[in-house]
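*Asks:*
There are 2 protein chains.
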Amino acid sequence: MRVAILGTGLIGASIGLGLRERVKGVYVVGYDRSRQALDAARKRKAVDEVVWSAAEAVREADVVVLAVPVLAIKPLLEEIKDAVRPDAVITDTGSSKAEIMRWAREILPGHAGVVAGHPMAGKTEFGPEAAEETLFEGARWVIVPAVEASSEAITIITNIAKTLGATPMVMDAEEHDAYVAAISHLPMMAAMALFSMGRASEAWPELSLLAAGGFRDMTRLAGTDPDMAYDIAMTNKENIAHWIDRYVVALQELRRRLVDVEGEDEFYRLLAATNLDHAEYKYGKVGREEKPVGESQSAAGLSDYLAGAWIRDKFNEVMQASEDRLRQMDEEERMRRRI
Amino acid sequence: MRVAILGTGLIGASIGLGLRERVKGVYVVGYDRSRQALDAARKRKAVDEVVWSAAEAVREADVVVLAVPVLAIKPLLEEIKDAVRPDAVITDTGSSKAEIMRWAREILPGHAGVVAGHPMAGKTEFGPEAAEETLFEGARWVIVPAVEASSEAITIITNIAKTLGATPMVMDAEEHDAYVAAISHLPMMAAMALFSMGRASEAWPELSLLAAGGFRDMTRLAGTDPDMAYDIAMTNKENIAHWIDRYVVALQELRRRLVDVEGEDEFYRLLAATNLDHAEYKYGKVGREEKPVGESQSAAGLSDYLAGAWIRDKFNEVMQASEDRLRQMDEEERMRRRI
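Residue numbers (the working numbering), protein chains in the order written: chain Y, 1 to 339; chain G, 340 to 678.
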């Protein structure tokens with residue numbers, strides 16, 4: 001299998017490393033507009049060969065991976081359209097999908113190999129130096145087949161995702177864009193707004209000294225590569241704006257409950273419930289892949305079962321603590337009234 | 340020196356571990372309402388001795404540390420007020436300070452040993468099992484002396500903070516509460532609102548599967564111990580509400596710029612500037628302790644200098660990339676018009 005990776009940054013180089021390590025007989029050709037990124041990818045052994053044009057890279061490729069920022073995908077499709085084989089499989093790793101599918105329909109009409117993708121993995125560091133063969137282990141890999149995509153093409157991309165340790169999830173582009181706006185693009189915007197708010201404050205010299213783990217974690221995504229952030233923002237504007245609005249409503253609701261003196265008990269219940277829900281999300285089984293307990297007796301099955309037991313214990317513990325706390329608050333209230 | 344630690348959770352037990360490891364001749368007496376926490380602290384060797392009442396713990400203590408959630412501090416002060424020595428130094432580790440200073444004035448009027456504190460360190464895990472001798476290394480430790488506090492008492496608490504590896508920062512209670520609302524309490528609320536927003540969505544089964552590093556990091560603080568979160572919220576309501584309002588304004592401003600089609604170049608500049616400011620915050624020298632370059636030729640001085648050089652390099656790199664990008668966008672714009 002001959003794979004052309006166009007864009008040898010963090011994601012492209014990690015795919016190259018993973019494929020070369022795990023797929024026998026694979027041959028990876030790398031291309032990047034930046035000579036520096038291409039040299040670094042070669043040094044990291046993420047590619048077998050580098051070439052100096054996108055068209056040359058794809059000419060004999062079975063699989064073409066476009067691993068560049070979203071807005072760079074359109075010109076790249078133009079560059080390769082005459083060179084790419086009619087039976088090649090073409091995928092990408094872009095963070096939004098609806099625009100990309102539109103461009104593919106326009107530039108490669110009727111091509112049966114278009115199966116877009118989005119590995120839900122990454123880190124703030126970028127460039128081939130940060131690449132890791134194991135970057136996609138345990139991640140979801142969204143797969144968005146074009147209407148004309150052949151089942152063979154879908155299978156090939158699904159297998160690549162699995163080979164790299166990820167779990168494929170097939171969905172359509174609009175669905176994908178709405179979801180990632182909520183769990184990926186909004187968090188990025190929320191981090192930027194929080195950081196900018198602090199940075200713009202007159203007290204920033206003091207704030208930045210006092211800022212500990214909480215502020216640091218909550219603003220980490222303000223360090224996202226601006227090119228990547230810009231492309232995401234420009235190609236998923238409406239969904240992101242929608243989720244910013246919902247987030248503002250959630251913040252205002254929390255504020256209302258916070259300052260509501262009559263509802264102080266309610267506020268405690270809210271905090272306890274949030275903590276519990278979060279524990280379930282962090283440690284528990286969620287989503288549509290939930291399996292019945294006892295399905296498997298393998299080590300994984302046992303650890304799943306133990307995670308289930310842990311959640312029940314955590315639930316009981318939090319509920320017990322909440323009950324105790326509320327009882328104590330009631331008593332204190334009564335005592336205050338007696339005085 | 341005899342130290343009484345009231346509350347042997349994460350913070351109390353970490354202080355005990357640190358003092359026992361680093362201060363010759365220290366003797367630490369532990370007390371906790373929870374027998375389990377007390378046993379665990381003894382097992383961790385965070386204390387030399389455990390006792391079963393707060394009054395007994397403080398009776399002969401030179402230093403008393405109240406390491407309990409904020410709302411538990413008032414009843415604890417009542418419990419110890421008749422037993423604590425008039426020349427003892429009394430400190431705490433509470434996350435808000437104005438209310439605590441009010442209670443101390445009311446319950447221990449004129450006592451010359453009240454020097455409140457807030458080590459700006461912690462983690463989501465709680466309890467003595469999670470305690471670490473090095474928890475405070477590199478952290479700031481806010482110190483809030485009462486008006487009547489003696490300079491000896493202030494020195495003792497300052498030295499304890501330094502001994503545990505922290506940098507003391509003296510400020511008044513109101514100043515502290517306003518600052519931590521911005522960089523600690525708001526991030527906690529922002530994480531809770533983000534998590535609750537996602538959790539409440541009908542698409543949560545899909546969202547929770549797709550959620551990768553960004554959402555996970557941005558909602559980590561939704562796992563804060565609800566008792567601690569409640570006490571913080573109740574004793575610093577107005578400041579937190581103020582910063583939620585400012586955060587909402589920052590989000591709405593970012594949204595306005597995002598959807599402003601005329602201002603797409605401006606939006607890219609905003610992202611690039613945010614990225615740069617964030618890099619400066621993350622790696623650079625900030626705040627009122629900035630030192631002139633070349634002040635010291637020690638290893639620390641050199642690394643400070645290199646950090647400075649790194650920031651300049653990063654600045655140049657981001658600015659260059661921004662310029663390139665903007666030039667390219669201009670060209671594309673012109674090309675579109677020509678067509």
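The beta carbon of each residue, even a glycine, is placed where N, CA and C say it ideally should be.
This one's a predicted model, so the numbers in the text were calculated from it and none came from an experiment.
Go through its chain and collect everything with a Cβ distance to Gly537(G)'s Cβ below 6 Å, but skip five positions before and after it.
*Replies:* Leu546
*Asks:* Should Val486(G) and Ala512(G) be called a contact, given that it needs their Cβ atoms to be closer than 8 Å?
*Replies:* no
*Asks:* Apart from the five residues on each side of it in sequence, which residues of its chain come closer than 6 Å, Cβ to Cβ, to Thr219(Y)?
*Replies:* Ala191, Leu194, Phe195
*Asks:* Rounded to whole angstroms, what is the Cα-Cα separation between Lys74(Y) and Asp227(Y)?
*Replies:* 15 Å
*Asks:* For Phe465(G) versus Ala505(G), is the C-beta spacing smaller than 8 Å?
*Replies:* no
*Asks:* Counting contacts by CB-CB distance shorter than 8 Å, is Thr432(G) in contact with chain Y?
*Replies:* Not one chain Y Cβ lies under 8 Å of Thr432(G).
*Asks:* Under 8 Å between C-beta atoms, does Val587(G) make it to chain Y?
*Replies:* yes
*Asks:* Find the nearest neighbour of Ile5(Y) within the set Glu21(Y), Ala46(Y), Lys24(Y), judged by alpha-carbon distance.
*Replies:* Ala46(Y)
*Asks:* Output, in chain order, the set of chain Y residues within a Cβ distance shorter than 7 Å of Gln591(G).
*Replies:* Val248
*Asks:* From the beta carbon of Val519(G), is the nearest beta carbon of chain Y less than 8 Å away?
*Replies:* Yes, Val519(G) lies at the interface with chain Y (some Cβ there is under 8 Å from its Cβ).
*Asks:* Taking only three categories from DSSP, how would you classify Thr613(G)?
*Replies:* helix
*Asks:* Could you work out which residue in Ala422(G), Val509(G), Lys501(G), Ala488(G) is closest to Val453(G) when comparing CA atoms only?
*Replies:* Ala488(G)
*Asks:* Does the beta-carbon of Asp87(Y) have 16 or more other beta-carbons within 10 angstroms, so that it is buried, or is it exposed?
*Replies:* The residue in question, Asp87(Y), is exposed, as its Cβ has fewer than 16 Cβ neighbours within 10 Å.
*Asks:* What does the Cβ neighbour count give for Arg479(G), buried or exposed, with the cut at 16 atoms within 10 Å?
*Replies:* buried
*Asks:* Taking the alpha-carbon positions, what's the Val23(Y) to Ser184(Y) distance?
*Replies:* 30 Å
*Asks:* So, is the C-beta of Glu445(G) closer than 8 Å to a C-beta in chain Y?
*Replies:* no
*Asks:* Enumerate in chain order the residues of its own chain whose CB-to-CB distance from Leu186(Y) is below 8 Å, with the five nearest sequence positions on each side excluded.
*Replies:* These residues qualify, in order along the chain: Ile240, Trp243, Ile244, Tyr247.
*Asks:* Work out the CA separation of Thr497(G) and Asp378(G) for me, nearest whole Å.
*Replies:* 29 Å
*Asks:* What does Asp177(Y) touch in chain G if you count any residue whose Cβ is under 8 Å from its own?
*Replies:* The premise fails here: Asp177(Y) is roughly 12 Å from chain G at the closest Cβ pair, so nothing lies under 8 Å.
*Asks:* Specify the secondary structure class of Thr347(G) as computed by DSSP and reduced to three states.
*Replies:* Three-state DSSP puts Thr347(G) in coil, outside helix and strand.
*Asks:* Drop a sphere of 10 angstroms on the beta-carbon of Lys501(G), count the other beta-carbons inside from all chains shown, and report buried for 16 or more, exposed for fewer.
*Replies:* exposed
*Asks:* Would a check of beta-carbon distances place Glu634(G) closer than 8 Å to chain Y?
*Replies:* Since pLDDT at Glu634(G) reaches only 40, below the 50 mark, its modelled position is unreliable, and the value read off the structure follows with that caveat. Not closer than 8 Å to any Cβ of chain Y, the Cβ of Glu634(G) fails to qualify, so no.
*Asks:* Are the beta-carbon atoms of Val29(Y) and Ala55(Y) separated by less than 8 Å?
*Replies:* no
*Asks:* Excluding the five sequence neighbours on either side, which residues of its own chain have a C-beta within less than 6 Å of the C-beta of Ile156(Y), listed in chain order?
*Replies:* Val89
*Asks:* What would DSSP say about Gly18(Y), mapped onto helix, strand or coil?
*Replies:* Helix at Gly18(Y).
*Asks:* Using alpha carbons as the reference points, say which of Thr613(G), Leu358(G), Arg341(G) lies closest to Gly223(Y).
*Replies:* Thr613(G)
*Asks:* Hey, does Pro168(Y) have any beta-carbon neighbour from chain G nearer than 8 Å?
*Replies:* no
*Asks:* Out of curiosity, what's the CA-to-CA distance linking Asp82(Y) and Asp62(Y)?
*Replies:* 15 Å
*Asks:* Quick check: what's the CA-CA separation for Glu472(G) versus Thr347(G)?
*Replies:* 13 Å
*Asks:* Using a Cβ-Cβ distance cut-off of 8 Å, determine whether Ala618(G) contacts chain Y.
*Replies:* yes
*Asks:* Return helix, strand or coil for Thr167(Y), following the three-state DSSP convention.
*Replies:* Thr167(Y): strand per DSSP, three-state reduction.
*Asks:* Return the first residue and the last residue of the alpha helix (DSSP H) that Gly198(Y) is part of.
*Replies:* 186–200
*Asks:* Can you list, in chain order, the residues of the segment 543–555 of chain G whose Cβ is nearer than 9 Å to any Cβ on chain Y?
*Replies:* Trp543, Pro544, Glu545, Leu546, Ser547, Leu548, Leu549, Ala550, Ala551, Gly552, Gly553, Phe554, Arg555
*Asks:* Can you pull out the residues from the segment 223–238 of chain Y whose beta carbon lies closer than 9 Å to at least one beta carbon of chain G?
*Replies:* Residues Gly223, Thr224, Asp225, Pro226, Asp227, Ala229, Tyr230, Ala233, Met234, Lys237, Glu238.
*Asks:* Output, in chain order, the set of chain Y residues within a Cβ distance shorter than 7 Å of Val598(G).
*Replies:* Lys237, Ala241
*Asks:* Bridge partners of Asp719(G), per DSSP?
*Replies:* One cannot answer for residue 719(G) here, as it falls past the ends of chain G, which runs 340 to 678.
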